[in-house]
Amino acid sequence: MAKFGLVYATYSMLLLGLLTISSLKIIDAQTGVCYGRDGTGLPSEQEVVSLYKQTNIQRMRLYAPNQATLQALRGSNIELLLGVPNSDLQNVAASQANANSWVQNNVGDYANSVKFRYIAVGNEVSPLNGETTQYVPFLLPAMQNIRNAILAAGLGNQIKVSTAIDTRVLGDSSPPSKGTFRPDVRRFLDPVIRFLVDNQAPLLVNLYPYISYIGNTRDIRLDFALFTSDVVRVQDGQFGYRNLFDAILDAVYAALEKAGGGSLRIVVSESGWPTAGGTAASVDNARTYNSNLIQHVKGGTPRKPGSAIETYVFAMFDENQKQGSEYEKHWGLFLPNKQPKYSINFN
Numbered sequence: 205m206a207k208f209g210l211v212y213a214t215y216s217m218l219l220l221g222l223l224t225i226s227s228l229k230i231i232d233a234q235t236g237v238c239y240g241r242d243g244t245g246l247p248s249e250q251e252v253v254s255l256y257k258q259t260n261i262q263r264m265r266l267y268a269p270n271q272a273t274l275q276a277l278r279g280s281n282i283e284l285l286l287g288v289p290n291s292d293l294q295n296v297a298a299s300q301a302n303a304n305s306w307v308q309n310n311v312g313d314y315a316n317s318v319k320f321r322y323i324a325v326g327n328e329v330s331p332l333n334g335e336t337t338q339y340v341p342f343l344l345p346a347m348q349n350i351r352n353a354i355l356a357a358g359l360g361n362q363i364k365v366s367t368a369i370d371t372r373v374l375g376d377s378s379p380p381s382k383g384t385f386r387p388d389v390r391r392f393l394d395p396v397i398r399f400l401v402d403n404q405a406p407l408l409v410n411l412y413p414y415i416s417y418i419g420n421t422r423d424i425r426l427d428f429a430l431f432t433s434d435v436v437r438v439q440d441g442q443f444g445y446r447n448l449f450d451a452i453l454d455a456v457y458a459a460l461e462k463a464g465g466g467s468l469r470i471v472v473s474e475s476g477w478p479t480a481g482g483t484a485a486s487v488d489n490a491r492t493y494n495s496n497l498i499q500h501v502k503g504g505t506p507r508k509p510g511s512a513i514e515t516y517v518f519a520m521f522d523e524n525q526k527q528g529s530e531y532e533k534h535w536g537l538f539l540p541n542k543q544p545k546y547s548i549n550f551n
């Protein structure tokens, strides 16, 4: 009887452990949505937060600290990825006092009622990106100062400090196991990777199969980009790839391993599909991609199986003031009147 009780207790503890691990994976699998504000006629901040809650979107990426949005998030239980915009990097990098003020005004004043998850210091800063090259010297000092300020505020266990990159920093990426960062970004990127490793923070990656597809429609099939291929399209040693999302993500993981970042976790800080304005941009394709994305990231990639991929869909609304190609304006899940462009389930 005693032996049976011991076995039962051991079994119960094992079951509890498995349930706890399962619960953690479910939490990690919750897909967030990016709240870009570069559009006209958008709903009020309180209406936006209510829409997140009504549609069971439990995580938000906010690109810059908007005080009305932070106020609306109080008590919402929505987890927040908050950005330090590129325009703030030089000031935050200039002194610890400046970073302390930024954190106090935009994080500390709200931390008792807003669930901050990450601070993304800069977005797509890179020597390859003409729009952000000027911010390269300030990125790492800004990250260091913001983290120091987070620690000083007693929030170091709650909030991780990172930055968001795009996949243009990849050199080789096919097959994924050959993934490497371009030699001309390594000098810039390697210290950032070391910072993340030292602080056990994830790397944020903006990952767009759509951009890869329209850049090479000759060699990339649409079903491979939309998660609808029923066969392996890329065989990479023991790993078979049925979708482009996994192939790109694993190429970044392979590049990280070669750059001393093999221990890092990746958070996909943007991914989506436009509904208009470009090749293969349609409501049907956007619905297919984003619906499949939400389900797919509950699992892992061939290189990192069995682990949910924290992901943020781009974006909540169309942004008609975005610069660049026409398709840049049409990524929204919702119209400005809060009506969905198409049915999508975040449960």
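So for the sequence shown, this note's numbering puts the first residue at 205; every next one is plus one.
Glycine included, every Cβ here is placed at the ideal spot set by N, Cα and C.
As the structure is a prediction and not an experimental result, all values here were calculated from the model.
Measuring straight from C-alpha to C-alpha, what distance separates residue i and residue j?
i: serine 547; j: arginine 491; result: 7 Å
i: alanine 303; j: phenylalanine 443; result: 44 Å
i: asparagine 489; j: leucine 430; result: 7 Å
i: asparagine 349; j: leucine 497; result: 35 Å
i: isoleucine 470; j: glutamine 338; result: 25 Å
i: histidine 534; j: lysine 319; result: 29 Å
i: alanine 459; j: valine 438; result: 18 Å
i: lysine 382; j: arginine 372; result: 15 Å
i: threonine 432; j: asparagine 352; result: 45 Å
i: asparagine 541; j: leucine 246; result: 7 Å
i: isoleucine 231; j: tyrosine 239; result: Here the model assigns isoleucine 231 a pLDDT of 41, short of 50, so the residue's position is not dependable, and the following value carries that caveat. C-alpha separation (whole angstroms): 20 Å.
i: aspartate 454; j: serine 377; result: 9 Å
i: proline 544; j: glycine 536; result: 9 Å
i: asparagine 551; j: histidine 500; result: 13 Å
i: aspartate 440; j: asparagine 270; result: 44 Å
i: threonine 561; j: glutamate 249; result: Because the chain is modelled from 205 through 551, residue 561 falls outside the range shown and cannot be assessed.
i: tyrosine 516; j: aspartate 423; result: 27 Å
i: alanine 276; j: proline 387; result: 44 Å
Return the first residue and the last residue of the alpha helix (DSSP H) that residue i is part of.
i: glutamine 348; result: 340-356
i: isoleucine 369; result: Counting along the chain, isoleucine 369 falls outside any alpha helix (DSSP H), though it belongs to the beta strand (DSSP E) covering 364-370.
i: arginine 321; result: Here arginine 321 belongs to no alpha helix (DSSP H); instead the beta strand (DSSP E) covers 319-327.
i: aspartate 402; result: 387-402
i: tyrosine 428; result: Before going further, note that residue 428 is phenylalanine rather than tyrosine in the sequence given. First-last of the alpha helix (DSSP H) with phenylalanine 428: 426-429.
In terms of alpha-carbon separation, which member of the options lies closest to residue i?
i: arginine 263; options: Ala484, Gly510 and Glu474; result: Glu474
i: glycine 358; options: Lys526, Ala405 and Asn316; result: Asn316
i: leucine 369; options: Gly466, Ile282 and Phe392; result: Contrary to the premise, residue 369 reads as isoleucine rather than leucine in this sequence. Cα-wise, what sits closest to isoleucine 369 is Phe392.
i: isoleucine 415; options: Gln543, Tyr531 and Phe538; result: Tyr531
i: threonine 235; options: Ser254, Ala276, Leu285 and Gly334; result: Leu285
i: serine 366; options: Lys545, Tyr256, Met520 and Ile397; result: Ile397
i: phenylalanine 518; options: Gln271, Tyr412 and Gly243; result: Tyr412
i: proline 379; options: Leu448, Gly528 and Gly482; result: Leu448
i: isoleucine 452; options: Phe399, Lys364 and Leu374; result: Leu374
i: tyrosine 493; options: Pro506, Trp477 and Lys502; result: Trp477
i: proline 406; options: Gly419, Asp450 and Val325; result: Val325
How many whole angstroms separate the CB atoms of residue i and residue j, which I take to be in contact at a CB cut-off of 8 Å?
i: lysine 508; j: threonine 384; result: About 18 Å; that fails the 8 Å criterion.
i: asparagine 327; j: tyrosine 267; result: 7 Å
i: valine 253; j: serine 280; result: 6 Å
i: valine 409; j: valine 456; result: 6 Å
i: glutamine 197; j: threonine 244; result: The structure shown does not extend to residue 197, since the chain is modelled only from 205 to 551, so the question has no answer here.
i: lysine 364; j: tyrosine 322; result: 5 Å
i: asparagine 290; j: valine 329; result: 6 Å
i: aspartate 450; j: proline 506; result: 6 Å
Can you name, in chain order, every residue of its own chain whose Cβ lies under 8 Å from the Cβ of residue i, other than the five neighbours on each side?
i: serine 495; result: Ile548 and Asn549
i: serine 486; result: Thr479 and Ala480
i: leucine 539; result: Phe521, Asp522 and Lys545
i: valine 401; result: Gly464, Gly465, Ser467 and Leu468
i: arginine 425; result: Ser433 and Arg437
i: glutamate 251; result: Lys542
i: asparagine 260; result: Phe550 and Asn551
From which residue to which residue does the beta strand (DSSP E) around residue i run?
i: asparagine 304; result: No beta strand (DSSP E) contains asparagine 304, which is instead part of the alpha helix (DSSP H) from 300-307.
i: isoleucine 470; result: 470-475
i: valine 456; result: Valine 456 -> not in any beta strand (DSSP E); alpha helix (DSSP H) instead, spanning 448-462.
i: glycine 236; result: 236-239
i: threonine 515; result: 515-517
i: glutamate 283; result: 283-288
Output needed for residue i: all residues of its chain with C-beta closer than 6 Å, excluding positions within five of it in sequence on either side, in chain order.
i: proline 395; result: Leu344
i: serine 511; result: Gly504
i: glycine 360; result: Ile354
Please find out if some non-hydrogen atom of the ligand COA comes closer than 7 Å to the beta-carbon of residue i.
i: glutamine 258; result: This structure lacks the ligand COA, and indeed carries no ligand of any kind.
I want to see whether chain B comes within less than 8 Å of residue i, judged by CB atoms only; does it?
i: tyrosine 417; result: The structure shown has no chain B; it contains just one protein chain.
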